[in-house]
Amino acid sequence: MAFILILFPVFIAIVALAIPSNRYRPWLLPVTACIHTICTFIALKYPEWGFKTSWLTLDPVSSIVLISITLLFLFSSFYAVSYLKNRNEQSNRFFTACMATFLGLISLMIWSHHLGLMWVAMEGTTLVTAPLIYFNHSKKSIEATWKYLLVGSVGIALALLGTFFLAYSAIYAGFKPTLDFNILLEKAPFLSKTWLRASCILFIVGYGTKMGLAPMHAWKPDAYGEAPGITGVILAGGVTSGAFLALMRMYQICNAAGETVFMSRLLIFIGLFSMATAGVFLIDQKDFKRMLAYSSVEHMGILVLGLGIGGPALFGTLLHIISNGMTKGILFLSAGNIQRSYLSKNTSQVQGALKQLPVSATLFLIGFLAITGSPPFAPFISEFSILNGAFLSGHFISGGLFVFFLLIIFIGMGKTVLQIVQGTVPQASEKSNYRDTFSSTAPIFCFLIVILIIGLFLPPPLAEMIRNAALFLENK
Amino acid sequence: MNEFINVLFVIILILNLFALGNSRILTIIRIVALQGIILGALPLFIEHHITIPLLISSVAAIILKGFVIPLIMMKALRDAQIKREVEPLIGLLPSTIFGGLVTALVFFISSQVETTNQPEVSLLIPTSFATILIGFILLITRYKAISQVLGYLVLENGIYIFSLLLIEAIPMVVEMGMLLDLFVSIFIISIITNHINKAFSSLDTRNLSSLKE
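Protein chains in written order, with numbering that gives the first Met the number 0: chain A, 0 to 475; chain B, 0 to 212.
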């Protein structure tokens with residue numbers, strides 16, 4: 000199963016490069032995605048069919064990330080078909096190939112239990128997503144791609160150094176150096192504390208750059224702002240969840256080594272700092288795609304905050320990986336539709352979207368309510384659970400700040416979103432002939448259904464999986 | 000043998016300073032290439048038992064860091080028709096002196112901290128850190144896109160030096176994966192620099208400033 004999940008998308012990418020027809024090529028994506036999703040569920044249901052070596056293993060934590068990413072890719076791939084049909088003037092050969100390769104690489108990253116291999120896959124996802132950001136070929140998209148590549152490459156290089164430090168901490172303790180996650184976990188109590196701490200800091204800085212945690216988020220608003228909406232989904236729900244998985248691996252090692260307090264402090268600080276930064280930039284934000292980027296900074300902050308609080312907050316944190324990914328799907332895709340109809344992403348020109356694009360605008364509004372943690376959607380459950388965990392474990396100040404930032408962000412985002420959906424359509428945009436179609440809105444409804452199901456009644460098998468994963472994270 | 004390895008480390012450190020002090024981009028590309036060749040050959044001197052995988056990864060590193068990447072960079076440079084970094088953020092002489100100070104500082108700190116093991120690689124960790132920091136200085140103080148990429152390459156070289164401590168821990172597949180990633184990233188970056196040059200008629204990254212709050 001592991002090999003199908005990893006190699007099949009890469010094979011499809013090669014096929015995509017070979018197919019000459021711009022019209023039929025995008026259909027490869029839904030095909031790949033369906034097979035990937037089916038194989039994922041088979042691998043989850045029958046673990047013995049899944050491949051298991053010391054390098055490639057699907058553990059409870061990576062299962063959660065895998066579910067999130069496979070669903071995200073499944074729904075986005077159908078949207079991709081309708082999006083690329085609209086952009087038929089441009090060759091989608093590399094776009095399709097890079098999307099498919101991304102799926103293969105992120106699967107490799109999720110399965111790998113060898114930290115070196117995990118790094119190689121993560122760096123690979125950085126590289127294949129760069130052409131996705133550059134798809135529009137405008138001056139601004141060049142700038143965004145350049146910043147993404149340079150900042151991302153340096154960040155991920157630091158993560159590599161952190162990975163080496165981790166291996167070196169084993170030499171220091173007199174063991175054979177290794178990057179095998181299971182062995183490191185086993186020997187964690189004997190690792191050199193100094194090198195482990197240094198490694199932990201570099202992991203947070205390096206993979207944190209990929210996640211877009213403040214203050215390493217500089218690339219994020221530019222990349223999300225200039226990339227097509229669908230790329231935004233892949234980055235905000237896919238790449239970031241992968242990088243967060245790397246941090247969770249580090250958390251487990253620190254936990255086993257008795258260094259949880261050290262890492263938790265860092266995570267809580269950087270999580271709250273990210274939320275605060277997002278809050279500042281979300282107030283009076285005119286550009287609604289940059290708004291989504293800052294919202295992503297916020298939610299990455301929530302994830303690391305939850306991980307830092309640990310214990311009772313871990314359930315919410317793991318659930319938040321899924322709920323954040325799915326909700327970002329709604330927001331980025333509906334924002335993409337709105338941008339396409341108005342040919343602008345600035346609130347001075349985009350108004351009255353409810354009249355122009357009733358379905359997309361409604362979905363955008365619902366997405367906003369969901370991402371800011373309003374019931375009855377999934378992020379409400381996960382954020383409430385993290386808050387609950389914070390108070391249960393005695394983190395009163397962090398919990399208080401968490402609620403305060405959520406409130407600020409709700410107000411800040413609300414103003415921008417309401418400006419977009421309400422009011423009258425400016426005359427310049429009325430002529431636009433881009434309207435809601437079934438194929439451009441149905442995938443967004445799929446995301447909505449998922450977050451509604453999770454929000455209204457968490458399916459017991461999923462809850463069970465998340466509980467197992469939370470126990471696994473704490474090495475219990 | 001120890002003496003010889005230490006000499007190589009000292010050469011790497013001197014090349015760092017040369018890279019900082021030179022304004023001709025072509026010369027910096029050559030300096031980084033030479034550094035790459037020395038790095039690629041280093042594992043053959045450090046390890047006592049030379050195995051086939053070690054030999055393969057060493058040769059692959061030499062070819063990639065010493066020849067392929069420099070050729071890609073030179074092509075990007077020719078396409079852009081620029082020769083020198085005109086006005087770096089910090090002048091060439093001050094940045095060389097700064098680089099020298101950073102190197103000295105790293106060596107001073109590492110002599111204070113007790114390091115473990117193998118005497119044959121006593122210079123390895125400080126050389127690695129100094130190279131990483133000098134890569135950062137290059138990356139931050141230069142404006143031309145190609146110079147920034149060279150800074151990234153020096154940084155990457157510094158990390159590669161550290162990995163020599165861990166030859167046993169990094170299987171060949173992973174080692175090759177890392178080199179492949181490096182190659183693809185330089186390849187994509189050179190495509191983007193080409194597009195920057197076409198769109199802005201310059202490789203000055205100060206032009207890339209339209210996206211901000």
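Ideal Cβ placement from N, Cα and C applies to all residues, glycine included.
Because the structure is a prediction, the values reported are computed rather than measured.
To which residues does DSSP link Asp179(A) through a beta bridge?
-> Here residue 179(A) corresponds to residue number 180 of the first sequence, with the count starting at 1. Answer by DSSP bridge pairing, in chain order: His113(A).
Could you run through the segment 158-189 of chain B and flag, in chain order, every residue whose CB is less than 7 Å away from some CB of chain A?
-> Ile158, Phe161, Ser162, Leu164, Leu165, Glu167, Ala168, Ile169, Val173, Gly176, Met177, Asp180, Val183, Ser184, Ile187, Ile188
Thinking Thr346(A) and Phe280(A) are a contact (beta carbons under 8 Å), I'd like their distance in whole angstroms, please.
-> Here residue 346(A) refers to the residue found at position 347 when the first sequence is read from its first residue. Here residue 280(A) refers to the residue found at position 281 when the first sequence is read from its first residue. At roughly 15 Å, the Cβ-Cβ gap does not stay under 8 Å, so Thr346(A) and Phe280(A) are not in contact.
6 Å CB neighbourhood of Gln147(B) in its chain, flanking five on each side removed = Start at 1 with the first residue of the second sequence, and residue 147(B) comes out as number 148. Counting only Cβ-Cβ distances below 6 Å, and skipping sequence neighbours, we find Leu138, Arg141.
Tell me whether Ala235(A) is buried or exposed, calling it buried when 16 or more other Cβ atoms sit within 10 Å of its Cβ.
-> Position 236 of the first sequence holds residue 235(A). Counting the other CB atoms within 10 Å of its CB gives Ala235(A) a total of 16 or more, which places it among the buried residues.
Looking only at C-alpha atoms, which of Leu313(A), His216(A), Gly335(A) sits nearest to Ala143(A)?
-> The count along the first sequence starts at 1 and reaches residue 143(A) at position 144. Nearest of Leu313(A), His216(A), Gly335(A) to Ala143(A), Cα basis: His216(A).
If we cut at 9 Å on Cβ distances, does Glu142(A) have a partner in chain B?
-> Numbered from 1 along the first sequence, position 143 holds the residue referred to as residue 142(A). Any Cβ of chain B closer than 9 Å to the Cβ of Glu142(A) would place that residue at the interface, and such an atom is present.
Would you kindly report the start and end of the unbroken alpha helix (DSSP H) that includes Thr491(A)?
-> The question about residue 491(A) has no answer here: the residues shown for chain A are numbered 0 through 475.
At 9 Å on the CB atoms, spell out the chain A contacts of Ser213(B), in chain order.
-> Residue 213(B) lies beyond the residue range present for chain B, which begins at 0 and ends at 212; the question has no answer from this structure.
Measure how close the beta-carbons of Ser76(A) and Leu28(A) come, nearest whole angstrom, since I'm counting them as under 8 Å.
-> Start at 1 with the first residue of the first sequence, and residue 76(A) comes out as number 77. Start at 1 with the first residue of the first sequence, and residue 28(A) comes out as number 29. Sure, about 4 Å apart at Cβ, within 8 Å.
Within the chosen definition, does the segment 54-74 of chain A reach the segment 3-13 of chain B through at least 3 CB pairs nearer than 8 Å?
-> no
If you pair each beta-carbon of the segment 378-397 of chain A with each one of the segment 437-448 of chain A, do three or more pairs fall below 8 Å?
-> no
Going by the CB atoms, is the gap between Ile282(A) and Ile450(A) shorter than 9 Å?
-> As a working note, residue 450(A) is residue 451 in the first sequence. As a working note, residue 282(A) is residue 283 in the first sequence. In this structure, Ile282(A) does not lie closer than 9 Å to Ile450(A) by Cβ.
Residue environment, Leu207(B), which counts as buried when at least 16 other CB atoms sit within 10 Å = Along the second sequence, one-based indexing puts residue 207(B) at 208. Buried is the call here.
How big is the Cα-Cα spacing for Phe44(B) and Met117(A)?
-> Looking up residue 44(B) in the second sequence gives position 45. Looking up residue 117(A) in the first sequence gives position 118. Going by the C-alpha atoms only, they are around 29 Å apart.
Three-state class that DSSP yields for Lys354(A) in the structure shown = Residue numbering aside, residue 354(A) sits at position 355 when the first sequence is read from its first letter. Lys354(A): helix per DSSP, three-state reduction.
Looking only at DSSP bridge pairs, what is Leu55(A) linked to?
-> Numbered from 1 along the first sequence, position 56 holds the residue referred to as residue 55(A). Leu55(A) is bridged to Ser111(A).
Short CB-CB distance (under 9 Å) between Ile252(A) and chain B = As a position in the first sequence, residue 252(A) is number 253, starting the count at 1. No, no contact with chain B.
Just list the beta strand (DSSP E) runs in the segment 356-393 of chain A, keeping only unbroken ones of 3 residues or longer that don't cross its boundaries, in chain order.
-> none
Considering only residues of the same chain and omitting the five flanking positions on each side of Phe134(A), which have a CB-CB separation below 6 Å?
-> To locate residue 134(A), count along the first sequence from 1; it is residue 135. Exclusion of the five residues before and after Phe134(A) leaves Phe94, Pro227 as the residues of its chain whose Cβ lies within less than 6 Å of its Cβ.
Quick one: is Arg23(B) buried, meaning 16 or more other Cβ sit within 10 Å of its Cβ, or exposed?
-> Walking along the second sequence from the start, residue 23(B) turns up at place 24. Exposed, since its Cβ has fewer than 16 Cβ neighbours within 10 Å.
Could you confirm whether any beta carbon from chain A is found closer than 9 Å to the beta carbon of Glu46(B)?
-> Your numbering for residue 46(B) matches position 47 in the second sequence. It does not: the Cβ of Glu46(B) has no partner Cβ on chain A nearer than 9 Å.
Given a threshold of 16 other Cβ atoms within 10 Å of its Cβ, counted over all protein chains shown, does Phe10(A) qualify as buried or as exposed?
-> For the purposes of this step, residue 10(A) is taken as residue 11 along the first sequence, with counting starting at 1. Looking at its Cβ environment, which holds fewer than 16 other Cβ atoms inside 10 Å, Phe10(A) is exposed.
Identify whether Asp203(B) lies in helix, strand or coil by the three-state DSSP scheme.
-> In the second sequence, the residue the question calls residue 203(B) occupies position 204. Correct three-state label for Asp203(B): strand.
Give the DSSP-derived three-state secondary structure of Lys288(A) in the structure shown.
-> Indexing the first sequence from 1 puts residue 288(A) at position 289. Helix.
Is it the case that the Cβ atoms of Ser198(A) and Thr162(A) are separated by a distance below 9 Å?
-> Residue numbering aside, residue 198(A) sits at position 199 when the first sequence is read from its first letter. Residue numbering aside, residue 162(A) sits at position 163 when the first sequence is read from its first letter. Contact flag set, yes.
Note the first and the last residue of the continuous alpha helix (DSSP H) segment covering Leu76(B).
-> In the second sequence, counting from the first residue as 1, residue 76(B) sits at position 77. 68-79 is the extent of the alpha helix (DSSP H) around Leu76(B).
DSSP beta-bridge partners of Arg83(B) = Translated into positions along the second sequence, residue 83(B) becomes position 84. Paired residues: Arg23(B).
Inter-stretch contact (C-beta, 8 Å, three-pair minimum) for the segment 238-248 of chain A and the segment 209-224 of chain A | yes
Taking only the alpha-carbon atoms, compute the straight-line gap between Leu160(A) and Lys84(A) and give it to the nearest angstrom.
-> Within the first sequence, residue 160(A) is the residue found at index 161, counting from 1. Within the first sequence, residue 84(A) is the residue found at index 85, counting from 1. Taking the straight line joining both Cα atoms gives about 43 Å.
Kindly indicate which residue of Leu342(A), Ala377(A), Glu463(A) has the alpha-carbon position closest to the one of Glu429(A).
-> Stepping through the first sequence from its first residue, residue 429(A) is reached at position 430. Distances from the CA of Glu429(A) to each of Leu342(A), Ala377(A), Glu463(A) were compared; the closest alpha carbon is that of Leu342(A).
Does any CB atom of chain A fall closer than 9 Å to the CB of Thr126(B)?
-> Counting from one through the second sequence, the residue named residue 126(B) turns up at place 127. Chain A contact via Cβ: absent.
What are the start and end residues of the alpha helix (DSSP H) that includes Leu330(A)?
-> Along the first sequence, read from residue 1 onward, the residue named residue 330(A) stands at position 331. First-last of the alpha helix (DSSP H) with Leu330(A): 313-341.
Could you check how far apart the C-beta atoms of Leu317(A) and Ile465(A) are, in whole angstroms? I think they sit under 8 Å.
-> In the first sequence, residue 317(A) corresponds to position 318, counting from 1. In the first sequence, residue 465(A) corresponds to position 466, counting from 1. Yes, they are in contact, since the Cβ atoms of Leu317(A) and Ile465(A) sit about 5 Å apart, within 8 Å.
Spell out a yes or no on whether the segment 127-135 of chain B and the segment 157-164 of chain B are touching, meaning 3 or more CB-CB pairs, one atom from each, closer than 8 Å.
-> yes
Kindly list the residues whose CB is nearer than 8 Å to the CB of Ile561(A), restricted to its own chain and excluding five residues on each side of it in sequence; keep chain order.
-> Within the shown structure, residues of chain A are numbered from 0 to 475, placing residue 561(A) beyond reach of any answer.
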